[in-house]
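For reference, the structure is listed below as structure tokens.
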DNA sequence: GATTAACCGAGACGGTACGTCACGTCTTTAA
DNA sequence: TTAAAGACGTGACGTACCGTCTCGGTTAATC
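As structure tokens, this is what we get:
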């Protein structure tokens, strides 16, 4: 299933080969795992996908738009933890975040997209979209806490999402401070009333 | 005044022309304002500074290291606000942050450094340094609050710094959510006990 | 009227639209005048002729085969001059050659066909055909001279054709020497006994 | 020794590596022999010569200018035959021409240059130069004939050069007529008084 | 009248080559 | 040894054509 960034196709002429989007995205995902965002050149990608470069440029505005689709395709929808309490859920959630976000092959993807989105308004929008999508799990946990009465009715979910994810991002990308369980614990204690 | 990233110089032979570091940094600052981080190529910079490329590489490991020095040189040390209360100080501080960070010419510099620091350990360290330096104002405000008794003695300054700056960074770089006074107000209310 | 290069068509199914050959050749002629042999891409030609690319390839082996048909269609059969003497006829003939061959829009067509015919045997044959066709006027002049007794019975018409046309071609394509009336006069004097 | 097409170099900065022109030309000659003018891509040439593409573009305006230098470098100055008589010399000369020009690896080079020179004035001039250089042997034979008294003092050397070489070129490139000893014999007989 | 097969415009497709640009290093002359 | 200048190898970029293919739809001759 092609991402939202794919351009609309005209009605006339040969239709775009179905599944090619997916094949290209898959090849890109493979390469991202092997060589990272650096090293993911359009030539290499085209070759790996068994596709002409023009075919890629026909479907995506830029490499970055494509990579956003890769992210969408790759990230299995992390299951919302359900431990019965907000604290438990947040603990499980942050543990997962630390694992995923802390290191790994693709850790250079997001930084690259952030930088690229400075020069590309469409990409900016796509990245915003993606970011908001990735908030859903955390939002769900907090909203359930409100429903259960663990959190006050006027609990500022938006703000907590910004601060929790923000703290992670800030430490990971800027201050270089470690992301670990101890930090998560302090953070959880801090944002809960 | 050249930054700390400048390599040590040997003792023998012709001494390095004094002030060349500064001239190069100045030219880089100029170009950053004109063409942004994209468009700041080493060839262009060398030409603008009236300098050979080798001269730049002799003094900095990379373009990014140099740009960090540019940041150091450019950012006048924001004066710590002193309104008498933590709330007042934080309000003044966030207002300044919104102004500076929200938009502007150089808003693509930090994203670029973040991305580049994925592939360059030295740069990673430099950027961490820079980030921590930029925390000092906020830290001072909070510490003074503790001294004045406005904040509890065990107030987790580190964590608040991470969450406040993190929330700003996250909205600016990822979710694209607006940075404005309303948000600042909610954020301040949230992090104060 | 479509040239001899058009492929044979099968009997069954929808017959080829009559006049499409001519329309394509006309569009090609137009484009040759506007953008020359460079710039005459198949995509552009198809678009201009309001035709699918496949339709062109169905009728001609290559762009060059098509262009030969264009030449056939364009070049009105130069009337054989008849001044009463061989010298007069040759003078008229060479004057016409200088005008046509010397410069003009389409002066890049022949060189292109020559080069292309190095890699395409069919085109080679077509070009040979075309070249021999274009010899007829000169041959007629010389043969008439023999009939009238102005030229000896064993006059080597073939050779004179080769040398006269060869000299023109050589100067035009290789040495870059000028083609003018003075040269023609010397040439005529030289080849007549 | 680099060809006449090489651009002048500035005095300052690193001088161009000596012998690199020659190395590139040699690689090009090699490739021309292996893959012909088609197949001689700039990427391939750069790779074979162990050189960056930019280095080639720095020294030659186009692939064709370079190839002219290749021709200059390759064609060993054919020794002017000296049999004692003009007929003998011309016979030897035409035999050599038939051998060289008739077929062979590089037979697509000249046609390509001819076509390319339609769109490139500088190349046009270079090709003219080259063509005139290649006339010297034939001119020498004829001039010696005049000195020896075999040919009249007012013998039109220029014109004979044009017709002889022209006839060869015309048959080879346009009419496709065969180049052989019989034709040479007729041609020689024709141009001698 | 239904079927069939080639035609048609449009444009996607896998390739290949192009010429440019930036990188970081090297090599000259001069100070 | 530093400096300005600029050549060097490398490798990615995005574009342009090529000749083929695949759609939906059309048009005649055949069944």
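Protein chains in written order, with the working numbering: chain R, 858 to 1050; chain D, 858 to 1050; chain V, 858 to 1050; chain U, 858 to 1050. Think of the CB as a built atom: it goes at the ideal place given N, C-alpha and C, for glycine as much as any other residue.
Segment limits, alpha helix (DSSP H) that includes residue i
| i | result |
| --- | --- |
| residue 1012 of chain V | Premise fails: residue 1012 of chain V is in no alpha helix (DSSP H) and is neither H nor E. |
| residue 950 of chain D | 943-959 |
| residue 989 of chain R | 978-990 |
| residue 899 of chain R | 899-906 |
| residue 895 of chain U | Segment: none, residue 895 of chain U is in no alpha helix (DSSP H) and carries neither H nor E. |
| residue 926 of chain V | 920-931 |
| residue 1027 of chain V | Run containing residue 1027 of chain V: none; DSSP gives neither H nor E here. |
| residue 997 of chain R | 993-1005 |
| residue 916 of chain U | 910-916 |
Where residue i falls: helix, strand or coil (DSSP)
| i | result |
| --- | --- |
| residue 862 of chain D | Residue placement at residue 862 of chain D is flagged as unreliable, the pLDDT there being 49, under the threshold of 50; the coordinate-derived value follows with that caveat. Of the three classes helix, strand and coil, the one that applies to residue 862 of chain D here is coil, per DSSP. |
| residue 1049 of chain D | coil |
| residue 968 of chain U | helix |
| residue 974 of chain V | coil |
| residue 1036 of chain V | coil |
| residue 889 of chain D | helix |
| residue 1017 of chain R | helix |
| residue 935 of chain U | coil |
| residue 882 of chain V | helix |
| residue 1043 of chain D | helix |
| residue 876 of chain U | coil |
Proximity of residue i and residue j at Cβ, strictly below 8 Å
| i | j | result |
| --- | --- | --- |
| residue 987 of chain U | residue 928 of chain U | yes |
| residue 926 of chain U | residue 882 of chain U | yes |
| residue 1049 of chain D | residue 944 of chain D | yes |
| residue 931 of chain U | residue 886 of chain U | yes |
| residue 984 of chain D | residue 974 of chain D | yes |
| residue 905 of chain U | residue 877 of chain U | no |
| residue 972 of chain R | residue 972 of chain D | yes |
| residue 1026 of chain V | residue 1026 of chain U | yes |
| residue 901 of chain D | residue 959 of chain D | no |
| residue 1024 of chain U | residue 1023 of chain V | yes |
Residue from the options with nearest C-alpha to residue i
| i | options | result |
| --- | --- | --- |
| residue 832 of chain R | R:1010, R:1006, R:1003, R:994 | Past the edges of chain R, shown from 858 to 1050, lies residue 832 of chain R, and the structure says nothing about it. |
| residue 1028 of chain D | R:1043, R:1018, R:1033, R:880 | R:1018 |
| residue 969 of chain V | V:888, V:894, V:923 | V:894 |
| residue 953 of chain D | D:1048, D:942, D:936, D:975 | D:936 |
| residue 890 of chain U | U:963, U:999, U:1032 | U:963 |
| residue 1031 of chain U | V:991, V:1014, V:1011 | V:991 |
| residue 976 of chain V | V:904, V:922, V:1014, V:1040 | V:922 |
| residue 1015 of chain R | R:1008, R:996, R:1004, R:874 | R:996 |
| residue 873 of chain R | R:888, R:908, R:904 | R:908 |
| residue 942 of chain U | U:1047, U:1012, U:1003, U:1039 | U:1003 |
| residue 875 of chain R | R:903, R:950, R:901, R:912 | R:912 |
| residue 1000 of chain R | R:947, R:933, R:957, R:1037 | R:947 |
| residue 938 of chain U | U:998, U:916, U:1035, U:1005 | U:998 |
| residue 980 of chain R | D:957, D:1033, D:869 | D:1033 |
| residue 1008 of chain R | R:1046, R:958, R:915, R:960 | R:1046 |
| residue 933 of chain R | R:910, R:951, R:978, R:957 | R:957 |
| residue 1042 of chain U | U:951, U:920, U:1013, U:915 | U:951 |
Anything in the stretch 1012-1031 of chain U with a Cβ closer than 9 Å to a Cβ of chain V? List those residues in chain order, please. 1013, 1015, 1016, 1017, 1018, 1019, 1020, 1021, 1022, 1023, 1024, 1025, 1026, 1027, 1028, 1030, 1031
Short of 8 Å Cβ to Cβ, which residues in the stretch 978-994 of chain D face chain R? 981, 982, 984, 985, 988, 989, 992
Output needed in chain order: residues of the stretch 999-1013 of chain D with a Cβ under 9 Å from some Cβ in chain R. 1013
Residues, ordered as in the chain, of the stretch 915-941 of chain U that lie near chain V by beta-carbon distance below 7 Å: none
So if I threshold CB-CB distances at 8 Å, which residues from the stretch 954-965 of chain U count as touching chain V? 964, 965
Using Cβ-Cβ distances below 7 Å, what residues of the stretch 878-890 of chain R are close to chain D? none
In chain order, what residues of the stretch 941-952 of chain V put their CB closer than 9 Å to some CB of chain U? none
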